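Worksheet: one structure, shown below.
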Amino acid sequence: MLRYLKTGLTGLTDEERDKLENYAEIWDIRGGKWLGKKPWAWRPDGQFGSLDPESDSALKELNSIRERVTAPLLALKNSKGRTGRDQAAAIYTFLEAIDLPRRLTDRAKALTDRGRAQKAEEYRQLWEILCAALDQCAVILAETDMELEEFGRVLKLVLSQYDVGAIPVSLDRVTAGDLPRVSGKGVKVLCLLGADDGQIPQVSPSAGLLTDEDRDLLAQKGLEAAPRVQEKLTREWTILYEGCTLPTEKLLVFYPAHGVQGEERRPSVLVSRLKSAFPALRTHLEGEEEFRFTAPLPALESGREAVWPLLDALPEYAPKVERLRCARGLARGSLSPAAVEALYGKRVPMSASRLDKYKSCHFSYFMQYGLKAKARKRAGFSAPEYGTFVHYVLEHVLAQGGAGLDRKGRRELIQGAVERYITEELGGLENQTPRFRYLFDRLLKTVAEVVENAAGELQKGDFVPVAFELGFGAGKDLPPITFTAGGVTVSLSGFVDRVDGWEKDGKLYLRVVDYKTGRKSFDWSDVCNG
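Under the numbering used here, read the sequence shown as residues 160 to 689, first letter to last.
Take a look at the structure:
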């Protein structure tokens, strides 16, 4: 599906395609999940729980985009005919449904506007080639019943026999392509690239099921088989000879001295034959820098200031050189007040985790909370979701007096809290994968142990829980902690997992409890140093 979306022929914008891809990657959507009748119901941010208005709006947009993409695919999938003619007709109907002819024409026009006339000419041939291949399949296979996968292989084989090429569409143009496609008269200069021993002659493929002796025997019986290795080699040398004799003025043969990994490359036998035929030929070794400075763009990318005055004379490159000069003089600075306000606003929201992030790395804070950049990760019951689950169960069990019950009573409260969490936050386990259900079941034993530890600690002390998930901030139980400096107000808000109280001699003592379910380590020296 993602390969299909990225062809750019589905009618989606780049933004719509990226949204679909992100959602599919987050929730691991494959196969039937794309074409299922039920609309997608998972949160676009990969979190569990009920949908807020923003998530609901984003999800409706995703389902709308998905329907536009999958409607033609569903029609193709549900086509009833299974003969070769029926399947060819179904594919043609699908291509018409996605408006492929117009999209190919639009792409060819866009390539022409960008000056890529040869590529545009190749695109103009694709629709005719597709139709011709489908016609061949419909005529040859006709009423033959075929499985979809088998028909797909046949169609790919037919398409592989076509070659797309274009003659130079005007004078003074450079045409690039495989040597068999270079044809026509009046070629002044031919540049043959990659003439090393790994490319010319090409490495012969394996003989396959039949050996050359088997093919000779079949030929004697009047049965035509694929060419033998020797025949392929002879044909290749014929193509090389025709190509080398094609130019009227100059033939340039290039081969690399080293590969991309730095390994040594040797010239092919073609080079030695040319030297023996023309003893006066000399090999010229191109230096890397010398080669890069023969064209404007590589010279610009080299970063050498010596070429900047030359590039200034080219209208297309002069602005780019000026930007390079400006960038060369830039030093490390700080965000302007206007930029800070655009990123965070005049009232900067803060939390304990944000403060930790800011203290540990300013740049990380800027990327995460300023630019809102985050790595794409698949939805699952990872550490944050596990922590939320444990908090939920602890709150509901202890709030119902679970610390004062026996072990059996607490287990009943735990089971009830887990079932509510599955219903309210996960939307049930029916839509989850078997792996997810298995991992979730494994967590239940761990959660029960955590609850037992918390209950045992409360039973041995005089403190009792007085508040759970106590929020402080705008619209919460307690007001936010705010302070203003330099015209910017910082508002600290968040949640306290649990607050315990103990009354002694008419005085109330409070204890703030924060749950940590990960591998958090505590160091007394860190506490002493703030």
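Yeah, the Cβ is synthetic: ideal placement off N, Cα and C, and Gly gets one too.
In this text, all values refer to a predicted model and were calculated from it rather than measured experimentally.
The distance from the Cβ of arginine 537 to that of isoleucine 185 is about 6 angstroms, consistent with a contact at the 8 angstroms cut-off. Annotation for tyrosine 182: the continuous alpha helix (DSSP H) segment containing it runs 173-185. Look at phenylalanine 627 here: in three-state DSSP terms it is strand.
Listed in chain order, the non-local C-beta contacts of phenylalanine 642 below 8 angstroms within the same chain comprise Thr648 and Val649, local neighbours out to five positions each way being set aside. When beta bridges are read from the DSSP output, serine 650 appears opposite Pro508 and Thr641.
At a Cβ-Cβ threshold of 8 angstroms, aspartate 621 and leucine 629 do not count as neighbours. Between leucine 318 and alanine 292 the beta-carbon gap is near 5 angstroms, inside 8 angstroms, which marks them as a contact. Distance between alanine 301 and glycine 240, taken at the CA atoms: about 12 angstroms. Rounded to the nearest whole angstrom, the CA to CA distance from serine 652 to arginine 463 is 52 angstroms. In the DSSP assignment, tyrosine 668 falls within the beta strand (DSSP E) that extends over 666-672. Sixteen is the threshold: since fewer than 16 other Cβ atoms of the shown chains lie within 10 Å of the Cβ of valine 686, the residue is exposed. Just measuring C-alpha positions, the residue of Gly645, Asp245 and Glu175 sitting nearest valine 507 is Gly645. In the DSSP assignment, leucine 194 falls within the unbroken alpha helix (DSSP H) covering 191-194.
Of the candidates Glu584, Val480, Gly381 and Leu440, the residue whose Cα lies closest to the Cα of proline 457 is Val480.
Taking one beta carbon from each stretch, the region 165-185 and the region 521-528 have fewer than 3 pairs nearer than 8 angstroms; the two do not touch. Note on serine 427: 16 or more other CB atoms within 10 angstroms of its CB, so buried under the neighbour-count rule.
The Cβ-Cβ distance between tyrosine 414 and valine 388 does not fall below 8 angstroms. Counting only the Cα atoms, valine 419 lies some 13 angstroms from aspartate 355.
Here threonine 242 is bridged, per DSSP, to Asp304. Distance from the CA atom of lysine 531 to the CA atom of arginine 678, rounded to whole angstroms, is 26 angstroms. Proximity to glutamine 246 across Leu314, Arg275, Arg162 and Arg394 peaks at Leu314, based on C-alpha coordinates. In this structure, DSSP gives arginine 484 a helical state, which the three-state scheme calls helix.
Note on geometry: alpha-carbon atoms of valine 610 and arginine 225 lie some 43 angstroms from one another.
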